[in-house]
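Those sequence lines, one after another, are chains A and B.
Those letters in the first sequence? Residues 0 to 192, per numbering that gives the first Met the number 0, in order.
Those letters in the second sequence? Residues 0 to 192, per numbering that gives the first Met the number 0, in order.
Encoded as structure tokens, the structure appears first; notes follow it.
Number of protein chains: 2
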Amino acid sequence: MATDTRGRMIRGAARMVGTRGASATSLRELAREAGVPLGSTYHHFPGGKHELVTEAVLAQGMYVDELIDRARTEGAGAALAAMTGEWRRVLERSGFRTGCAVLAVATEDEPDLRATANRVFDSWRARLTGVLVEHGVAADRAPGLARTVVAAVEGAVALCRAERSLAPLQEVTVEIGRLIDSAIDHRRGRRSG
Amino acid sequence: MATDTRGRMIRGAARMVGTRGASATSLRELAREAGVPLGSTYHHFPGGKHELVTEAVLAQGMYVDELIDRARTEGAGAALAAMTGEWRRVLERSGFRTGCAVLAVATEDEPDLRATANRVFDSWRARLTGVLVEHGVAADRAPGLARTVVAAVEGAVALCRAERSLAPLQEVTVEIGRLIDSAIDHRRGRRSG
DNA sequence: GTCTATACGAAGATAGAC
DNA sequence: GTCTATCTTCGTATAGAC
Numbered sequence: 000m001a002t003d004t005r006g007r008m009i010r011g012a013a014r015m016v017g018t019r020g021a022s023a024t025s026l027r028e029l030a031r032e033a034g035v036p037l038g039s040t041y042h043h044f045p046g047g048k049h050e051l052v053t054e055a056v057l058a059q060g061m062y063v064d065e066l067i068d069r070a071r072t073e074g075a076g077a078a079l080a081a082m083t084g085e086w087r088r089v090l091e092r093s094g095f096r097t098g099c100a101v102l103a104v105a106t107e108d109e110p111d112l113r114a115t116a117n118r119v120f121d122s123w124r125a126r127l128t129g130v131l132v133e134h135g136v137a138a139d140r141a142p143g144l145a146r147t148v149v150a151a152v153e154g155a156v157a158l159c160r161a162e163r164s165l166a167p168l169q170e171v172t173v174e175i176g177r178l179i180d181s182a183i184d185h186r187r188g189r190r191s192g
Numbered sequence: 000m001a002t003d004t005r006g007r008m009i010r011g012a013a014r015m016v017g018t019r020g021a022s023a024t025s026l027r028e029l030a031r032e033a034g035v036p037l038g039s040t041y042h043h044f045p046g047g048k049h050e051l052v053t054e055a056v057l058a059q060g061m062y063v064d065e066l067i068d069r070a071r072t073e074g075a076g077a078a079l080a081a082m083t084g085e086w087r088r089v090l091e092r093s094g095f096r097t098g099c100a101v102l103a104v105a106t107e108d109e110p111d112l113r114a115t116a117n118r119v120f121d122s123w124r125a126r127l128t129g130v131l132v133e134h135g136v137a138a139d140r141a142p143g144l145a146r147t148v149v150a151a152v153e154g155a156v157a158l159c160r161a162e163r164s165l166a167p168l169q170e171v172t173v174e175i176g177r178l179i180d181s182a183i184d185h186r187r188g189r190r191s192g
């Protein structure tokens, strides 16, 4: 089915872009991996590679959005764990070769893809901000703290790939968890005292 | 002079790799920017593009190493500020187009370059660990906290590029600064109580 | 709609003239 | 030692047969 082919290509592109970056990923390889002839990719994605990579970045964004939403009621720590747990799975399954496709396009120099990455990061940040506020972080601190969470997690995934170890992600989870806890405690302290 | 040409090419490569990533940066462009004919680059760098990019990543690593060393006695916050201040300058001067060449090669899939990025990250982490311990962070916590600093700063630079704003770096500086302070306070609290 | 064949440009690398 | 010209491979994209 055409729709299935499209989805397969998008998922494959998210993985390959997260592994090699967008510019180092060829449409030929993407097509071959999905079992689609090169020429047919332009039927499914008239905009070519640009359109496919954009869809892949947005798909990765929406997937993490959903993970955050599902952990929302459990607490701020659960939202953090949802993100780090997902990246842990991706890293382990790929032997530390695959990371985040959003970070990959954010570190290249393609204006449209950069803007797409920005929308995804901002979506994560907005969701995390909501979770933090719901669980007691001051409204004026939550956006900055949420952005710090996104930055630290993305950086940790890159460090895990560099050293082929989960240690950075685990340590960042612990330290950023402490930071979130202290932001909540600080507010509670204010309320009660 | 040959040595000067080599240095010019390395500095140019660090900037271009930090802007576009290693795979999207061509040796032709690197040569043209340094005013060197393509064929001559193989005289200065017999290992070709691979050697030039490796040198560029190591140069960026050593430069930040020195920034950390110089801020060492001033305190842990000064070491953090030295890193974030440098990235702020790079981002501003390039109109948010240029980031960290080390992160760029860490997010691609070239085993040798990945290993080089790992050595650089680990050098930063080791130096930061020393600074943290010197200023009162517990020895068993400092390495993980130092890695969190590296991850958060690298992630923040990527976020700044994505949203074309210094806000992520500024907010990360504030929040990670708080985390470092609390790690120091916690130790002092233990000592005195 | 699906796929083969190909156009056209740019990449890394090298040979060899000067 | 420096640089021009070129080899080979691979990239995106498309034309057009089925």
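A virtual CB, placed ideally from N, CA and C, is assigned to each residue, including glycine.
All of these numbers come straight from a predicted model, not from anything done at the bench.
Neighbourhood of residue i by C-beta distance below 7 Å, restricted to the same chain and skipping five residues each side
i, result
"L66 (chain B)", "A81, M82, E85"
"L37 (chain A)", "L26, R27, A30"
"A100 (chain B)", "A13, V16, G17, A55, V56, Q59"
"E153 (chain A)", "C99, L102"
"G192 (chain B)", "Model confidence at G192 (chain B) stands at a pLDDT of 40, short of 50, so the residue's coordinates are unreliable; what they give is reported in the following sentence. Once the five neighbours on either side are set aside, G192 (chain B) has no close Cβ partner at all."
"S122 (chain B)", "G60, D64"
"F120 (chain B)", "V101, V149"
"R140 (chain B)", "A182"
"P167 (chain A)", "A155, L158, C159"
DSSP-derived helix/strand/coil call for residue i
i, result
"A151 (chain B)", "helix"
"H42 (chain B)", "helix"
"A23 (chain B)", "coil"
"H185 (chain A)", "helix"
"F120 (chain B)", "helix"
"R160 (chain B)", "helix"
"G192 (chain B)", "Low per-residue confidence applies at G192 (chain B): pLDDT is 40, beneath 50, and the placement is therefore not dependable, though the value from the model is reported in the following sentence. Here G192 (chain B) sits in coil by DSSP."
"V104 (chain B)", "helix"
"V132 (chain A)", "helix"
"E85 (chain A)", "helix"
"P167 (chain B)", "helix"
"P142 (chain B)", "helix"
"V16 (chain B)", "helix"
"P110 (chain B)", "helix"
"V35 (chain B)", "coil"
"G74 (chain A)", "coil"
"R5 (chain B)", "helix"
"G11 (chain A)", "helix"
"G60 (chain B)", "helix"
"I55 (chain A)", "According to the sequence displayed, residue 55 (chain A) carries Ala and not Ile. Reduced to three states, the DSSP call for A55 (chain A) is helix."
"D68 (chain A)", "helix"
Residue i and residue j closer than 9 Å at C-beta
i, j, result
"E91 (chain B)", "T147 (chain A)", "no"
"R71 (chain A)", "E107 (chain B)", "no"
"A78 (chain A)", "R126 (chain A)", "yes"
"T128 (chain A)", "P142 (chain A)", "yes"
"R177 (chain B)", "A145 (chain B)", "no"
"A137 (chain A)", "A75 (chain A)", "no"
"H49 (chain A)", "T4 (chain A)", "no"
"R87 (chain B)", "L158 (chain B)", "no"
"T53 (chain B)", "M8 (chain B)", "no"
"A23 (chain A)", "A114 (chain B)", "no"
Own chain, CB closer than 6 Å to residue i, minus 5 neighbours either side, in chain order
i, result
"V104 (chain B)", "A21, V56, L112, A116"
"V171 (chain A)", "A151, A155"
Residue i beta carbon near the ligand ZN (any heavy atom closer than 8 Å)
i, result
"I183 (chain A)", "Because no ligand of any kind appears in the structure shown, any question about the ligand ZN cannot be addressed here."
Same chain only: Cβ atoms within 8 Å of residue i, ignoring 5 sequence neighbours per side
i, result
"E32 (chain A)", "G11, M15"
"R187 (chain A)", "G135"
"G47 (chain B)", "L26, T40, Y41"
| What residues in the segment 169-187 of chain A have a beta carbon less than 9 Å from any beta carbon of chain B? | Q169, E170, V171, V173, E174, I175, R177, L178, S181, A182
| query | Using a Cβ cut-off of 7 Å, which residues of the segment 4-27 of chain A contact any Cβ in chain B, in chain order? | reply | T18, R19, G20, S22, A23
| field | Within 7 Å of chain A by C-beta, residues of the segment 99-115 of chain B in sequence order | value | L102, A103, A105, T106, E107, D108, R113
| Selection of the segment 39-65 of chain A by Cβ proximity to chain B, strictly under 7 Å | none
| said: Residues of the segment 121-138 of chain B in Cβ contact with chain A at a cutoff of 8 Å, in chain order, please. | reply: D121
| query | If you measure beta-carbon to beta-carbon, which residues of the segment 72-83 of chain A are closer than 8 Å to chain B? | reply | none
| Any residues in the segment 144-161 of chain A with a beta carbon nearer than 8 Å to a beta carbon of chain B? Which ones, in chain order? | L144, R146, T147, V149, A150, A151, V152, E153, G154, A155, A157, L158, R160, A161
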